[in-house]
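Some notes on the structure that comes next.
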Amino acid sequence: EAGVVQSPRYKIIEKKQPVAFWCNPISGHNTLYWYLQNLGQGPELLIRYENEEAVDDSQLPKDRFSAERLKGVDSTLKIQPAELGDSAVYLCASSLEGATGELFFGEGSRLTVL
Amino acid sequence: GESVGLHLPTLSVQEGDNSIINCAYSNSASDYFIWYKQESGKGPQFIIDIRSNMDKRQGQRVTVLLNKTVKHLSLQIAATQPGDSAVYFCAEIPGNTGKLIFGQGTTLQVKP
């Protein structure tokens, strides 16, 4: 069974440019998460979806970050405009509904903002 | 604010020895705890979990211990192998929030 797929794996952009990350969760997983991981730190939740609905986006900086999960499957996370401090790894994860502890993570998208 | 943290940033062990990775949590409302392993360049991978009504749970070569009195969680890895080299995170879910909160991680280095 395929795991969580993310793209791109690496992205280098200049500040003020936009960037988008894509995630395809494990088939049948209704819950999808986007996490931010800074170097040497644990992942921090940005947003959690139950199907198409964002049930927790309290940690998403809404002035520049946006996310969507159309049709309740794939999801995209966008940053516009990017700032230097946005350099990090953006992790997507999915889980079965209600299985809030057992998340399946993708390999992440490493963003470098110059 | 509430947080989950680990005692040591790095742990170095000899191959074949047992490893013990510790974690202290501060939220007494947390009732579900999870250990994740993250290898270089990969996303975290679920290892084992434990609920607050238990004090010990065993998996394959791993054991998680929970001491609610002192808010302490540990992961024991038996007969540590080179493939166990990774960063280990403890995580908690406070109450009914459904939000998984990660600590800062301990890097386990296995010496051959």
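Protein chains in written order, with the numbering used here: chain A, -9 to 104; chain B, 10 to 121.
Using N, Cα and C, we set each Cβ at its ideal position, and we do this for glycine too.
Residue i burial status per 10 Å Cβ neighbour count (16 or more: buried)
i: Ala88 (chain B); result: exposed
i: Ala72 (chain A); result: buried
i: Ile2 (chain A); result: exposed
i: Gly10 (chain B); result: Unreliable placement is indicated for Gly10 (chain B), whose pLDDT of 35 sits below 50; no coordinate value is reported for it.
i: Pro33 (chain A); result: buried
i: Gln(-4) (chain A); result: buried
i: Thr90 (chain A); result: buried
i: Leu67 (chain A); result: buried
i: Tyr0 (chain A); result: exposed
i: Ala(-8) (chain A); result: exposed
i: Leu101 (chain A); result: buried
i: Gly104 (chain B); result: exposed
i: Gly96 (chain A); result: buried
i: Asp93 (chain B); result: buried
i: Val45 (chain A); result: exposed
i: Val(-6) (chain A); result: buried
Sheet register partners of residue i (DSSP bridge)
i: Pro103 (chain B); result: B:Ser39
i: Glu58 (chain A); result: A:Thr66
i: Ile2 (chain A); result: A:Thr102
i: Gln7 (chain A); result: Its beta-bridge partners do not exist; DSSP assigns none.
Partners in chain A for residue i, counting only beta-carbon separations shorter than 7 angstroms
i: Lys108 (chain B); result: Leu35, Asp46
i: Gln85 (chain B); result: Neighbours of Gln85 (chain B) on chain A: none; closest Cβ ~19 angstroms, over 7 angstroms.
i: Lys51 (chain B); result: Glu97
Chain-ordered chain B contacts of residue i [CB-CB under 7 angstroms]
i: Thr90 (chain A); result: Ile102, Gly107, Leu109
i: Leu50 (chain A); result: Near Leu50 (chain A) there are no residues of chain B at all, since even the closest Cβ is about 13 angstroms away, more than 7 angstroms.
Residue i: contacting residues in chain A (beta-carbon distance under 9 angstroms)
i: Tyr41 (chain B); result: Thr90, Gly91
i: Gln113 (chain B); result: Gly30, Gln31, Gly32
i: Asp58 (chain B); result: Gly91, Glu92
Option nearest residue i by Cα separation, candidates the options
i: Thr113 (chain B); options: A:Leu50, A:Gln7, A:Ser99, A:Gln31; result: Here residue 113 (chain B) is Gln; the residue named in the question, Thr, does not match the sequence. Looking at the Cα atoms, A:Gln31 is the closest of the given residues.
i: Ile37 (chain A); options: A:Arg59, A:Leu101, A:Ser77, A:Arg(-1); result: A:Arg59
i: Glu48 (chain B); options: B:Gln23, B:Phe98, B:Lys108; result: B:Phe98
i: Asp76 (chain A); options: A:Thr90, A:Leu50, A:Leu86, A:Ser85; result: A:Leu50
i: Thr116 (chain B); options: B:Asn31, B:Gly25, B:Val71; result: B:Asn31
i: Gly98 (chain A); options: A:Ser48, A:Ala83, A:Gly91, A:Glu42; result: A:Ala83
i: Glu101 (chain B); options: B:Ala95, B:Lys80, B:Gln85, B:Gln90; result: B:Lys80
i: Leu93 (chain A); options: A:Leu81, A:Ser65, A:Glu42; result: A:Leu81
i: Leu104 (chain A); options: A:Glu42, A:Ser56, A:Arg(-1), A:Val9; result: A:Val9
i: Leu75 (chain B); options: B:Arg60, B:Gly68, B:Asp93; result: B:Arg60
i: Leu20 (chain B); options: B:Lys77, B:Asn36, B:Gln69, B:Gln85; result: B:Gln85
i: Trp12 (chain A); options: A:Tyr25, A:Lys5, A:Lys6; result: A:Tyr25
i: Ile56 (chain B); options: B:Leu17, B:Gln23, B:Gln67; result: B:Gln67
i: Leu22 (chain A); options: A:Gly62, A:Leu29, A:Arg54; result: A:Gly62
i: Asn14 (chain A); options: A:Asp64, A:Arg54, A:Gln7; result: A:Asp64
i: Gly107 (chain B); options: B:Val71, B:Ala33, B:Ser39, B:Ser28; result: B:Ser39
i: Arg54 (chain A); options: A:Glu42, A:Gln70, A:Asp47, A:Glu40; result: A:Gln70
i: Thr78 (chain B); options: B:Ala33, B:Gly50, B:Tyr45, B:Lys51; result: B:Ala33
Endpoints, the beta strand (DSSP E) within which residue i is located
i: Ile59 (chain B); result: 54 to 60
i: Thr72 (chain B); result: 71 to 76
i: Asp46 (chain A); result: 43 to 46
i: His81 (chain B); result: 81 to 86
i: Ser28 (chain B); result: 28 to 34
i: Val(-6) (chain A); result: Note, Val(-6) (chain A): premise wrong, no beta strand (DSSP E); not H, not E.
i: Glu34 (chain A); result: 34 to 40
Beta-carbon neighbours of residue i, restricted to chain B and to distances below 8 angstroms
i: Phe55 (chain A); result: Result: empty, since nearest Cβ-Cβ is about 18 angstroms, beyond 8 angstroms.
Listed by chain order, chain B residues near residue i by CB distance under 9 angstroms
i: Leu81 (chain A); result: Gly52, Pro53
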